[in-house]
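The structure appears right after this line, and notes come after that.
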Amino acid sequence: MELCPEGSMLSYLRKNVPVNSDLKLRFVTEASAGLAYLESKHCIHRDIAARNCLLSEQLEVKISDFGMSDERRIIHDETLEKVPMKWLAPETMQQRIFSSKTDVWSFGVLVWEVYADGKEPYPGLSNIQTRAKIVVQNYRMEMPKTAPLAISKLVYRCWKTEPSERPSFAEIYNKLKVLNKK
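Heads up: the sequence shown begins at 1 in full-length UniProt numbering, then just goes up one per residue.
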């Protein structure tokens, strides 16, 4: 097992404000690479968040916390007790369905966390308020002003209401790889 002495990406972001934009882009690109791999193996993580990305000594991102993961293509979960509400896709909140597309939604929230320097998503809203705003009002958070336009556009695609309109992790990774080279 690989040691990740830098701890979680979330704690790193909070301790090292401001993290430079190149490193933020590298973080989200490496996270998307790991998630594209999981998607290729039909693994649904179900708990994608900055707190579940660990950093190696070289600040390489490693996806962690597979306690809720599953190898089925679609999961119907009767209870959402252990699932952090603010990272859930609308279909998970309403029908308790998990898929690779719900992981994509959660990845969008992770990217928001990175560009918000580790702040909690949906600031000032409770879990119940967050659910109501997303499901009833079709609300989406505004991306932090520090996020490049291309990143913001990608995140808004991750947050499409219709799961089939969300990109795959392979597509996300390829897009971020290109942005990393600029």
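Glycine included, each C-beta is placed from N, C-alpha and C at the ideal position. Remember, predicted model here, so these are calculated numbers, not experimental data.
With H, G and I counted as helix, E and B as strand and the rest as coil, what does DSSP make of residue i?
i: V17; result: coil
i: Y12; result: helix
i: L179; result: helix
i: I97; result: strand
i: L125; result: coil
i: K41; result: coil
i: I48; result: coil
i: G67; result: Low per-residue confidence applies at G67: pLDDT is 44, beneath 50, and the placement is therefore not dependable enough to give any value.
i: L23; result: helix
i: L35; result: helix
i: K62; result: strand
i: L110; result: helix
Measure the alpha-carbon distance for residue i versus residue j and round it to whole angstroms.
i: K160; j: L13; result: 26 Å
i: T29; j: F107; result: 11 Å
i: I134; j: N20; result: 30 Å
i: S126; j: K15; result: 24 Å
i: K41; j: Q95; result: 24 Å
i: G34; j: I128; result: 31 Å
i: S164; j: A89; result: 13 Å
i: R131; j: T146; result: 26 Å
i: Q58; j: G118; result: 19 Å
i: E60; j: G124; result: 31 Å
i: C53; j: L10; result: 8 Å
Between the Cα of residue i and the Cα atoms of the options, which residue gives the shortest distance?
i: I172; options: S164, P163 and I151; result: I151
i: K86; options: R46, I63 and R26; result: R46
i: P148; options: A116, I128 and N174; result: A116
i: S64; options: Q58, E57 and A50; result: A50
i: L23; options: L55, E91, L38 and L35; result: L55
i: E113; options: L154, N180, C43 and M143; result: M143
i: K101; options: P18, Y37 and F169; result: F169
i: K181; options: L25, E60 and K62; result: L25
i: Y156; options: W105, K119, G118 and Q58; result: W105
i: P121; options: M141, K153 and R131; result: M141
i: A36; options: Q58, K62 and G118; result: K62
i: K177; options: V17, D103 and F27; result: F27
Exposed or buried, which one is residue i when buried takes at least 16 other CB atoms within 10 Å?
i: S8; result: buried
i: P167; result: buried
i: E162; result: exposed
i: V136; result: exposed
i: N138; result: exposed
i: S32; result: buried
i: I44; result: buried
i: S99; result: buried
Against chain B, does residue i count as a neighbour if the rule is that its beta carbon must be under 7 Å from one of theirs?
i: K86; result: Of the chains in the structure shown, none is chain B; there is only one protein chain.
Note down, one range per segment and in chain order, each alpha helix (DSSP H) of at least 4 residues found wholly within the segment 137-180. You should have 149-158.
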